[in-house]
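**Q** One structure coming up, written as structure tokens, with questions to follow.
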Amino acid sequence: MSTTSDTMNFTFSDTIAGRVTGFDRDARVVSVVTPGGTEFRISLDGDPSAELLHNLGEPYQDATGHIDDMLREGAFVLAYGVFYPGGERLRFEAKRLIFVGRQGDDFRFEEAGWWVRQIREIAAFYRRAQFGDGPVDFTGYRTEIRLGGEKTASHVQETDTISRLVYGMASAFLLTGDDEYLEVAERGTEYLREHMRFVDTDENVVYWYHGLSIDGDIEKKLFTSEFSDDYDALPAYEQIYALAGPVQTYRITGDPRIRNDADATIRLFDRFYLDPEHGGYFSHIDPILLSPHHESLGPNKARKNWNSVGDHAPAYLINLYLATGEKAYADMLEYTFDTIVERFPDPKNSPFVQERFHQDWSPDTTHGWQQDRAVVGHNLKIAWNLMRMHSLRPKAEYLETAASLGETMPAVGGDRQRGGWYDVVERIRRDGEEHFRFAWHDRKAWWQQEQAILAYLILHGITGREDFRDEARDAQSFYNAFFLDHDEGAVYFNTLASGLPYLLGVERLKGSHSMSMYHSAELCYLAAVYNNLLVNGKPMDFWFKPDPSDLDGRLLRVAPDLLPAGSVRIESVEIEGEPHTDFDSAALTVTLPETSGRVKVKVRLAPRGGTEVTG
88 MSTTSDTMNF TFSDTIAGRV TGFDRDARVV SVVTPGGTEF RISLDGDPSA ELLHNLGEPY
148 QDATGHIDDM LREGAFVLAY GVFYPGGERL RFEAKRLIFV GRQGDDFRFE EAGWWVRQIR
208 EIAAFYRRAQ FGDGPVDFTG YRTEIRLGGE KTASHVQETD TISRLVYGMA SAFLLTGDDE
268 YLEVAERGTE YLREHMRFVD TDENVVYWYH GLSIDGDIEK KLFTSEFSDD YDALPAYEQI
328 YALAGPVQTY RITGDPRIRN DADATIRLFD RFYLDPEHGG YFSHIDPILL SPHHESLGPN
388 KARKNWNSVG DHAPAYLINL YLATGEKAYA DMLEYTFDTI VERFPDPKNS PFVQERFHQD
448 WSPDTTHGWQ QDRAVVGHNL KIAWNLMRMH SLRPKAEYLE TAASLGETMP AVGGDRQRGG
508 WYDVVERIRR DGEEHFRFAW HDRKAWWQQE QAILAYLILH GITGREDFRD EARDAQSFYN
568 AFFLDHDEGA VYFNTLASGL PYLLGVERLK GSHSMSMYHS AELCYLAAVY NNLLVNGKPM
628 DFWFKPDPSD LDGRLLRVAP DLLPAGSVRI ESVEIEGEPH TDFDSAALTV TLPETSGRVK
688 VKVRLAPRGG TEVTG
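Residue numbers for the sequence shown follow my numbering, beginning at 88 and rising by one.
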């Protein structure tokens, strides 16, 4: 008997994620409603294994003997199993169950110390992968790191990947106080300054080399980008991310040399990338005349994109403001966010923002790989960062744009059956079709899960909306269930739609042009901040190590992020282990003592009314 090609007559494995709505113990069937609102009946006839969600560094926690007790109404569960055809509907038989908590409203990633423990494990992986058990020597740094942490033969050191590693290590110190991680951050910052920085005294600016090609004792500086999208040009995003690690380190140390580099790089942006006529920043300049209009730029001539306008804030500018309180940085932040809300949304044509533009802000829908496609994570990143900026300089359009993206993105960029968030999709839905088509695949990248988690955590934390809380919990569930590599360490680059890790090509690596601890550490740092201080009312400890003489007025600024005014206070301060009382609890500043040399400062921040301490 033949069947037509559109008949489902084969088995396949997949994942269902959702909340339990009922459990028939006798029939061994559990009913689950997915984030998209679809109810599935999941059979347990296949004797599935079960586990409790566990963090990096924690042992596997078998829950197979507790399935019946844990399938309570409201419990969030991820079920991996087999779909069998037959009858009027597919039958799904579970083979593996992951419970994210011990009971219905319990989510392990909301434990006060969850994300702190995770960043400690990630930092230990990258410290070991890059430097082994020996001294921290960046001459042996490799951009490419294999799945288990082994280095490849490639010895091109990219400026941005070193900076991203530095960012991760600095963030790990902020949360743990482990001096080993600060040592990596500071040595990496010095290496960047010594080997990747070019000081243009004629123009009074700093710009950063793409990287170094090292062959034995021969060091060849790579001035322009080596990548096809940006080849032989100076892309704005490389200059932007060169500052990410040093500026995060500056928050800890107050080293004035780092601030001088940042200011000189900002002058580079304002002098050569800024468009004084139409506004915004150009995406590329040529390496000789430093012009965005030179013919050698080809398809990048006189172009603007998300990275050149929107990445200043999360990569370095918010952190530079947090460390200094400088009005000029707040003004630049406001300028970039005003540009985003004015130019990027395109509600008449698509729920997704525009990401590439010509000089006059007309959309560039034929550029390279992007064409007229949406990077889901960029839409979420805009929502997340607009909410941060709304706390600094509140504007209705910031809140409205962020909330609108938060409302529309789940249906068009999220996986409403399995959980998690997709990568790149077509911006325009074809006539007669229900879904926005995937550009290449339906895999899920680690950094786009980060953007979703942070966007919905801060949206919920500030607005109090329960739908945003659910999205934040769903995103954290998928990420912590499937992206943590419990065998080799750190996190996977990509998973299949089902959550199984995708381990081919560059996506098999733990270090590459795209991956070097930045996003995984940023997620740990800010998920801890938002979950504890903004959502769940739990205090946190942060560490700093400045020389008081480097700080204006010996004033250390300790705000963890741009949060609503008055939402966080200093509860206590210790300097070198001794109590210190000279601080402004509401302003989140500590006046350090007059002393020679650096001091280690531990600051406990608490939300209004918080009493529980992080673990």
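Cβ coordinates follow ideal geometry from the N, Cα and C atoms, glycine included.
#1: Distance, Cα to Cα, GLN446 vs GLY464?
#2: Identify the continuous beta strand (DSSP E) that holds ALA417 and give its terminal residues.
#3: Return the chain-ordered ranges of every beta strand (DSSP E) run that is complete within the stretch 310-349 and spans a minimum of 3 residues.
#4: What residue ranges within the stretch 161-202 form continuous beta strand (DSSP E) runs of no fewer than 3 residues, ordered along the chain?
#5: If you follow the beta strand (DSSP E) that GLY551 is part of, which residue opens it and which one closes it?
#6: Using the three-state DSSP reduction, which class does ARG514 fall into: helix, strand or coil?
#7: Run through DSSP, which three-state label would GLU537 get?
#8: Between the beta-carbon of GLU484 and the beta-carbon of VAL396, is there less than 7 Å?
#9: Quick check on THR94: does DSSP put it in helix, strand or coil?
#10: On the CB-based measure, 16 or more other CB atoms within 10 Å of its CB, does PRO322 come out buried or exposed?
#11: By the 10 Å Cβ neighbour count, where 16 or more other Cβ atoms means buried, how is HIS454 classified, buried or exposed?
#12: Using the three-state DSSP reduction, which class does VAL700 fall into: helix, strand or coil?
#13: For ARG204, name the three-state secondary structure that DSSP assigns.
#14: Any idea which residues DSSP pairs ILE129 with across the strands?
#15: Taking the DSSP output, what are the residues bridged to ILE372?
#16: My output table needs one value for LEU299: the three-state DSSP class, helix, strand or coil.
#17: Taking C-beta to C-beta, are VAL616 and ASP637 nearer than 7 Å?
#18: Using the C-alpha atoms, what's the distance from ALA673 back to SER478?
#19: Can you tell me the Cβ-Cβ gap for MET604 and GLY144, rounded? I've got them flagged as a contact below 8 Å.
#20: Using three-state DSSP, classify ALA614 as helix, strand or coil.
#21: What are the complete alpha helix (DSSP H) segments, minimum 4 residues, inside the stretch 356-404?
#22: Give me whichever residues DSSP pairs with GLY109 in a beta bridge.
#23: Is the beta carbon of TYR416 closer than 7 Å to that of LEU407?
#24: Starting from GLU306, follow its DSSP beta bridges and name the residues at the other end.
#25: Quick one: measure Cβ to Cβ for TYR294 and LEU384, integer angstroms, because I've assumed they're closer than 8 Å.
#26: What does the alpha-carbon distance come out to for the pair VAL440 and LYS307?
#27: What are the residues that DSSP puts in a beta bridge with HIS445?
#28: Tell me where the beta strand (DSSP E) around SER599 begins and ends.
#29: Check for me: the beta strand (DSSP E) holding ASP628 runs from which residue to which?
#30: Compare the Cα-Cα distances from VAL107 to each of PHE170, VAL169, MET95, ILE185 and report the closest residue.
#31: Count the other C-beta atoms from every protein chain shown that fall within 10 angstroms of the C-beta of PHE444, then say buried if there are 16 or more, exposed otherwise.
#32: Going by Cα to Cα distance, which pick from VAL286, TYR509, THR582, PHE629 is closest to ARG344?
#33: From the beta carbon of ASP350, is the nearest beta carbon of chain B less than 7 Å away?
#34: Straight-line CA distance for LEU420 to ALA400?
#35: With a threshold of 8 Å on Cβ separation, who are the neighbours of ILE540 within its own chain once the five nearest residues in sequence on each side are excluded?
#36: Pairs of beta-carbons, one from the stretch 127-135 and one from the stretch 159-172, closer than 8 Å: are there three or more?
**A** Checking against the coordinates, here is how it stands:
#1: Locating residue 446 in the sequence shown gives position 359, where the first residue counts as 1. Locating residue 464 in the sequence shown gives position 377, where the first residue counts as 1. A straight-line Cα-Cα distance of about 24 Å links GLN446 and GLY464.
#2: For the purposes of this step, residue 417 is taken as the residue at position 330 of the sequence shown. Annotation: ALA417 is outside any beta strand (DSSP E); the continuous alpha helix (DSSP H) that includes it extends over 414-430.
#3: none
#4: 163-171, 178-186
#5: Sequence index remark: in the sequence shown, residue 551 carries index 464 (1-based). Following the DSSP letters along the chain, one finds GLY551 in no beta strand (DSSP E), marked with neither H nor E.
#6: Here residue 514 corresponds to residue number 427 of the sequence shown, with the count starting at 1. It is coil, neither helix nor strand.
#7: Along the sequence shown, one-based indexing puts residue 537 at 450. It is helical.
#8: To locate residue 484, count along the sequence shown from 1; it is residue 397. To locate residue 396, count along the sequence shown from 1; it is residue 309. No, they are not a contact pair.
#9: To locate residue 94, count along the sequence shown from 1; it is residue 7. Here THR94 sits in coil by DSSP.
#10: Taking the first residue of the sequence shown as 1, we reach residue 322 at position 235. Per the 10 Å Cβ criterion, buried.
#11: In the sequence shown, residue 454 corresponds to position 367, counting from 1. So HIS454 counts as buried.
#12: Against the sequence shown, residue 700 aligns to sequence position 613. Confidence in VAL700 is poor, its pLDDT being 34 and thus under 50, which makes the residue's placement unreliable; the coordinate value appears in the next sentence. In this structure, VAL700 counts as coil in the three-state DSSP scheme.
#13: Position 117 of the sequence shown, counted from the first residue, corresponds to residue 204. ARG204: helix per DSSP, three-state reduction.
#14: Locating residue 129 in the sequence shown gives position 42, counting from the first residue. Answer is VAL117, PHE179.
#15: Residue numbering aside, residue 372 sits at position 285 when the sequence shown is read from its first letter. LEU321, per the DSSP bridge assignment.
#16: The count along the sequence shown starts at 1 and reaches residue 299 at position 212. Three-state DSSP puts LEU299 in a strand.
#17: Locating residue 616 in the sequence shown gives position 529, where the first residue counts as 1. Locating residue 637 in the sequence shown gives position 550, where the first residue counts as 1. For VAL616 and ASP637, no; Cβs fall outside 7 Å.
#18: Residue numbering aside, residue 478 sits at position 391 when the sequence shown is read from its first letter. Residue numbering aside, residue 673 sits at position 586 when the sequence shown is read from its first letter. About 15 Å.
#19: Here residue 604 refers to the residue found at position 517 of the sequence shown. Here residue 144 refers to the residue found at position 57 of the sequence shown. Actually they do not touch by this definition, with Cβ atoms about 16 Å apart.
#20: What you label residue 614 is simply residue 527 of the sequence shown in a count that begins at 1. Of the three classes helix, strand and coil, the one that applies to ALA614 here is helix, per DSSP.
#21: 393-397
#22: Along the sequence shown, one-based indexing puts residue 109 at 22. DSSP output for GLY109 lists SER118 as bridge partner(s).
#23: Reading the sequence shown from its first residue, position 320 is the one you call residue 407. Reading the sequence shown from its first residue, position 329 is the one you call residue 416. For LEU407 and TYR416, yes; Cβs fall inside 7 Å.
#24: By 1-based counting over the sequence shown, the position of residue 306 is 219. According to DSSP, GLU306 bridges with ILE301.
#25: Numbered from 1 along the sequence shown, position 207 holds the residue referred to as residue 294. Numbered from 1 along the sequence shown, position 297 holds the residue referred to as residue 384. With a Cβ gap of about 16 Å, TYR294 and LEU384 do not count as contacting.
#26: On the sequence shown, position 353 is the one that residue 440 refers to. On the sequence shown, position 220 is the one that residue 307 refers to. Straight-line Cα distance between these residues: approximately 40 Å.
#27: On the sequence shown, position 358 is the one that residue 445 refers to. DSSP, once it has assigned bridges, lists ARG390 as partnering HIS445.
#28: Against the sequence shown, residue 599 aligns to sequence position 512. First-last for SER599: undefined, no H or E at that position.
#29: The sequence position of residue 628 within the sequence shown is 541, counting from 1. Per DSSP, ASP628 belongs to the beta strand (DSSP E) from 627-631.
#30: Residue mapping note: residue 107 aligns to position 20 of the sequence shown, counting from 1. Nearest neighbour of VAL107 by Cα position, chosen from PHE170, VAL169, MET95, ILE185, turns out to be ILE185.
#31: In the sequence shown, counting from the first residue as 1, residue 444 sits at position 357. The residue is buried, with at least 16 neighbouring Cβ atoms inside 10 Å.
#32: Your numbering for residue 344 matches position 257 in the sequence shown. Of the listed residues, the one whose Cα sits closest to ARG344 is VAL286.
#33: Of the chains in the structure shown, none is chain B; there is only one protein chain.
#34: Sequence index remark: in the sequence shown, residue 420 carries index 333 (1-based). Sequence index remark: in the sequence shown, residue 400 carries index 313 (1-based). Straight-line Cα distance between these residues: approximately 6 Å.
#35: Counting from one through the sequence shown, the residue named residue 540 turns up at place 453. Cβ within range, chain order: ALA559, ALA562, GLN563, TYR566, LEU610, ALA614.
#36: Segments in contact, yes.
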